[in-house]
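Student:
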Amino acid sequence: MRIAFAGTPEFAADALRALIAAGHEIALVLTQPDRPSGRGMKLMPSAVKQVAIDHSITVHQPISLKTPESNAPLITAGVDVMVVAAYGLILPSAVLAIPKFGCLNIHASLLPRWRGAAPIQRAILAGDSATGICIMQMDAGLDTGPILLSSAIPITEDGTGGTLHDELKQLGATLINEALAKLSKGELSAKEQPTEGVTYAEKLKKEEAGIDWSQSAIAIERKVRAFNPFPITNTRFNGELLRVWRAHVVKDELTTQPAGQIIRADAKGIVVACGDGALALTEIQKAGGKPLNAAAFLAGTKLTIGSIFGNA
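Numbering (this note's numbering), first residue to last: 435 to 746.
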């Protein structure tokens, strides 16, 4: 099929690579404008733009799609369908109507669960046992369109935002090719989303990364996993900000200590009392340093049993 593709981060880049490998004709790629990045704050292309450049595909980077001028390249491209994945711009109704078969979105949740910007992390935070990919026919609402194809995967006990992201981007790349194959044969049918079970996955904020030790060990452990590799949970010790990359709930630990108090510390982890239960921190990072396992961290940091981790 002749396709336009709209996406920005690595999640979308994998789907674009899969479409190219499947032999689809990518007539146009839309992606967010280059952003400053790194220590030098140089303008850097998105992951999707880099794939397009590598394959000599025309790239369009509007700051919005609300004007006739911004939509002109898509109209000129004369595509059958537009595939959208983590693009980051709202598509007005006028844009949705341009391709012959409309716009198909690769969404990283089992809709209507987790509509919105951060479905992967919100699913982990909520303790969901499963998630997946939906290929959705886009409409004017926020992830409200009918479902064309879906596939579920379990969320494992040790799954992080990063590992789940990688599983879902591979699944999304596979599923969009399956959807397009069915679409070309007229075998793709739409199913309206249920009206019950709708939840919204708000965009992650760095302010959310601070650990509140009055929460349960289970809730904090989910946050540690969900926010790995971004924005990484953090706490304070002796006024210094520490990032917590990995942790696990200490089962059957009955705590009477104040929330945030260090119960014990050894090579297996730094065990901290929580509002309910206890959490063992197993990978920690000091400001300016690299992530260290508990043994390496303790070799360079003096901790006293009974000391308190502060809320970040």
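Think of the CB as a built atom: it goes at the ideal place given N, C-alpha and C, for glycine as much as any other residue.
If you drop the 5 nearest sequence neighbours on each side, which residues of the same chain put their C-beta closer than 8 Å to that of residue 644?
Tutor: Hits under 8 Å: 667, 668, 669, 745 and 746.
Student: What did DSSP end up calling residue 459 once you bin it into helix, strand or coil?
Tutor: If DSSP states are grouped into helix, strand and coil, residue 459 belongs with the strands.
Student: Here's a check: name, in chain order, each residue in its chain whose Cβ is nearer than 8 Å to the Cβ of residue 699, leaving out the five neighbours to either side.
Tutor: 705, 728, 732, 737 and 739, listed in sequence order.
Student: Which residue marks the beginning of the alpha helix (DSSP H) containing residue 482, and which one marks its end?
Tutor: Where residue 482 is concerned, the enclosing alpha helix (DSSP H) stretches over 481 to 488.
Student: Helix, strand or coil: how does DSSP classify residue 408 here?
Tutor: Since the first and last residues shown for the chain are 435 and 746, residue 408 lies out of range.
Student: I'd like to know if the stretch 565 to 572 and the stretch 632 to 649 are in contact, where contact means that at least 3 CB-CB pairs between them fall below 8 Å.
Tutor: Contact fails: fewer than three Cβ-Cβ distances are below 8 Å.
Student: Would you list the one or two residues that DSSP bridges to residue 625?
Tutor: Residue 625 is bridged to 581.
Student: Cβ atoms of residue 712 and residue 636: under 8 Å apart, would you say?
Tutor: Against a cut-off of 8 Å, the Cβ pair of residue 712 and residue 636 comes out as no contact.
Student: For the beta strand (DSSP E) that contains residue 564, what are its first and last residues?
Tutor: From DSSP, the beta strand (DSSP E) with residue 564 extends over 564 to 571.
Student: What is the DSSP secondary structure of residue 695, reduced to helix, strand or coil?
Tutor: Residue 695 falls in the strand class under three-state DSSP.
Student: Sorted by chain position, which residues of the same chain lie with C-beta nearer than 7 Å to residue 660's C-beta, five sequence neighbours on each side aside?
Tutor: Here the set comprises 555, 558, 559 and 595.
Student: Near residue 483, which residues of its chain fall below 6 Å by C-beta distance, leaving aside the five closest residues on each side in sequence?
Tutor: Around residue 483: 465 and 493.
Student: Does the separation of the CB atoms of residue 521 and residue 441 fall below 8 Å?
Tutor: Contact flag set, yes.
Student: Let me make sure I understand the geometry here. Which of 675, 584, 592 and 590 has the alpha-carbon closest to that of residue 611?
Tutor: Taking only the C-alpha atoms, the option nearest residue 611 is 584.
Student: Quick check on the burial criterion: 16 or more other C-beta atoms within 10 angstroms. Buried or exposed for residue 509?
Tutor: By the neighbour-count rule (16 or more Cβ atoms within 10 Å), residue 509 is not buried but exposed.
Student: So, residue 571 versus residue 620, is the Cβ gap smaller than 8 Å?
Tutor: The answer is no: Cβ separation not under 8 Å.
Student: The beta strand (DSSP E) spanning residue 471 covers which residue range?
Tutor: Segment 469 to 471, the beta strand (DSSP E) holding residue 471.
Student: Do residue 613 and the ligand NAD come close, with the Cβ less than 7 Å from some heavy atom?
Tutor: This structure lacks the ligand NAD, and indeed carries no ligand of any kind.
Student: Using 8 Å for Cβ pairs, my map puts residue 445 next to residue 603. What's the rounded Cβ distance?
Tutor: Right, their Cβ atoms sit about 5 Å apart.
Student: Return the bridge partner residues of residue 642 from the DSSP annotation.
Tutor: None; residue 642 has no bridge partner.
Student: Decide if the stretch 624 to 636 is in contact with the stretch 687 to 694; the criterion is three or more beta carbon pairs, one per stretch, under 8 Å apart.
Tutor: The stretch 624 to 636, when compared against the stretch 687 to 694, does not touch it at the 8 Å Cβ threshold.
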